[in-house]
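Sequence positions in the sequence shown follow the numbering used here and run 2 to 408.
Report on the structure given below.
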Amino acid sequence: MAPSEANYDETRVPAYDLPELLVDAGGTTVSTVEHWTGTRRPEIMRLFEEHVYGKNPPQALPPVEVSAAAEAGEYLDGAAERRQIKVRFSPPADHPAMDILLYLPARRTGPVPLFLGLNFYGNHTIQPDPDIVLSDRWMRSDPAHGVVDHRATEASRGTSASRWPVERLVARGYGLATVYCGDLDPDYDDGFQNGIHPLFYRPGQNRPDADEWGTIGAWAWGLSRALDYLVIDPDIDSRRIAVMGHSRLGKTSLWAGARDERFALVISNNSGCGGAALSRRRFGETVRRITTTFPHWFCANFARYADREDDLPVDQHMLIALAAPRPVYVASAEEDRWADPRGEFLAALHAGPAYRLLGMEGLDVTGMPAIEAPVGRHIGYHIRHGGHGVTAYDWDRYMDFAERHMH
Ligand code: GCU
């Protein structure tokens, strides 16, 4: 279905029943913390692994090797300190590696809280900072981002800066770390021959099994490898690291936050279908459409639910609930109908029972809030004016939310 044929009519959203968050596979109602933690949460994790994002391979790689990718320096007239770290996943040197770009507030009195997120076009796009290493990786050709023949050019520096307000972040005492998603797996369907997948193939295997990870799984894995580094950096508070992502990378931050409980706070910005939005609503992007256009993002099994959303054993409120009891924030944009803002709101709302079971508070509202009127306590939600993107408004709310929970 082309986007123009997508349903944008609320009266044509089909009636649906969401899978029960707090009833286990045996049909027993989950009413204790132990039952959630010991049984229901692991069950839900397995369902998302098998049917949506895929399992990570069981083999462990050797520990990551960390080295400096460039000399540390200062930025913003000394308000920020910039570091670039190369993380290698396995020897020899030509095996995949990722570069972490890190900004820390220069004026700090101890370890700082930090936001970690993947970026779409290379670390050098997030600020007009000439000392950021220009990525030489494959990326989608895009003149607006200075990407020619799938490679970044000097013109690409700073082209995503409006999405990464380093100055505001360090002024409020936060660090920021980012990695180019293509360092982990380039965002196109190549049958999983590039990126990190081949590092994990069993002898004779040459693509992931139907219930094994796709690109979102690999991106989420990379966020955890970045976290492995960040938690040992003494200038960063390992207990106050938030994972944040926009759109396809917001689907990824939710999955990374579910998988890795070291993330203290989880943020989904306009993540839509396969992210925060309920699949059963079939509003805007659908399972059929996303698994046709981006077959590599999910495990192969997910495509079986095209036009059969009601047969999915999960829906996305359960993904949000996997963050519990850690604070989670879902943000929508009014004109971003492709991502189904109402579906994102409802998923955040229906994650509430898991939070309440764990002694936290969810959105606890009866209807969708007004534009730019954030709601919720341990689950946060806002819908802002404008379209698909990340704005200063979004970041200001994430920092407000982090301040309530991570300070
Ligand atoms: C496409 C895709 C979405 C995705 C978005 C993005 O619009 O259909 O699922 O979230 O790209 O990542 O920007």
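C-beta atoms are modelled at their ideal positions from N, C-alpha and C, and glycine is treated no differently.
Values in this document were obtained by computation on a predicted structure and should not be read as measured data.
Cutoff 6 Å; reference residue i; Cβ partners in own chain excluding five residues on either side
i    : result
L170 : L177
S333 : P342, E345 and I384
M2   : Low confidence applies here, because M2 scores a pLDDT of 45, under 50, leaving its location unreliable; read the following figure in that light. Answer for M2: R290, listed in chain order.
T392 : none
C337 : Note that residue 337 is Asp in the sequence shown here, rather than Cys. Closer than 6 Å at Cβ, skipping near neighbours: N271, G388 and H389.
R281 : Y17, E310 and D316
A145 : none
P370 : V376
L62  : F90 and S91
R173 : M400
R405 : none
L279 : D316, Q317, G344, L347 and A348
W165 : I127
Status (buried if at least 16 other CB within 10 Å, exposed otherwise) for residue i
i    : result
I268 : buried
E362 : exposed
F187 : Before going further, note that residue 187 is Pro rather than Phe in the sequence given. Its Cβ being crowded by 16 or more others within 10 Å, P187 is buried.
A153 : buried
H198 : buried
G251 : buried
N207 : exposed
S161 : buried
E213 : buried
V417 : The structure shown does not extend to residue 417, since the chain is modelled only from 2 through 408, so no value can be given for it.
Y54  : buried
A73  : exposed
D312 : exposed
Q128 : buried
A403 : buried
D427 : Missing from the structure shown is residue 427; the chain here goes from 2 to 408 and no further.
E335 : exposed
G218 : buried
H52  : buried
D137 : exposed
Coarse secondary structure for residue i, derived from DSSP in three states
i    : result
P296 : coil
R338 : helix
E310 : helix
S280 : helix
G223 : helix
F201 : helix
D231 : For clarity, residue 231 is Leu in the given sequence; the question names Asp instead. DSSP places L231 in helix when its eight states are reduced to three.
L77  : coil
N207 : coil
N271 : coil
G215 : coil
M2   : Confidence at M2 is low in this model, with a pLDDT of 45, below 50, so its placement is unreliable and no value can be given for it.
F116 : strand
S254 : helix
D401 : helix
I321 : helix
A98  : strand
H247 : strand
V31  : coil
L241 : It should be pointed out that residue 241 corresponds to Arg in this sequence rather than to Leu. Looking at R241 - three-state DSSP - the assignment turns out to be strand.
R89  : strand
A301 : helix
R108 : coil
A153 : strand
V315 : coil
V24  : strand
V148 : strand
Nonlocal neighbours in the same chain, by C-beta distance under 8 Å from residue i, ignoring five residues either side
i    : result
E75  : A81, E82, R83 and A107
H156 : Before going further, note that residue 156 is Ala rather than His in the sequence given. The residues are G147.
M319 : P20, L22, I45, L48, F49 and A352
I79  : Correcting the residue identity first, residue 79 is Gly in this sequence and not Ile. The residues are A107.
H151 : W139, M140, R141 and S142
Y356 : A322, A325, P326, E362, G363, H379 and I380
H227 : According to the sequence provided, residue 227 is Ala. The question's His does not apply to it. V88, M99, I101, L117, A178 and V180.
L359 : V34, W37, A325 and P326
Cutoff 7 Å; reference residue i; Cβ partners in own chain excluding five residues on either side
i    : result
T367 : none
Identify every run of the alpha helix (DSSP H) within the stretch 118-146, keeping only runs that are complete inside it and at least 4 residues long; order them along the chain.
If we require 4 residues or more, the stretch 118-146 turns out to have no alpha helix (DSSP H) run fully inside it.
Restricting to runs no shorter than 4 residues, where is the alpha helix (DSSP H) found entirely within the stretch 328-394?
Within the stretch 328-394, the complete alpha helix (DSSP H) runs of at least 4 residues are 342-351 and 353-358.
Please go through the stretch 34-85 and give each complete beta strand (DSSP E) segment of 3 or more residues, from N-terminal end onward.
Within the stretch 34-85, the complete beta strand (DSSP E) runs of at least 3 residues are 66-76.
Write down every uninterrupted run of the alpha helix (DSSP H) in the stretch 156-191 whose length is 4 residues or greater and which is fully enclosed by it, in chain order.
Entirely contained in the stretch 156-191, the alpha helix (DSSP H) runs reaching 4 residues are, in chain order, 167-172.
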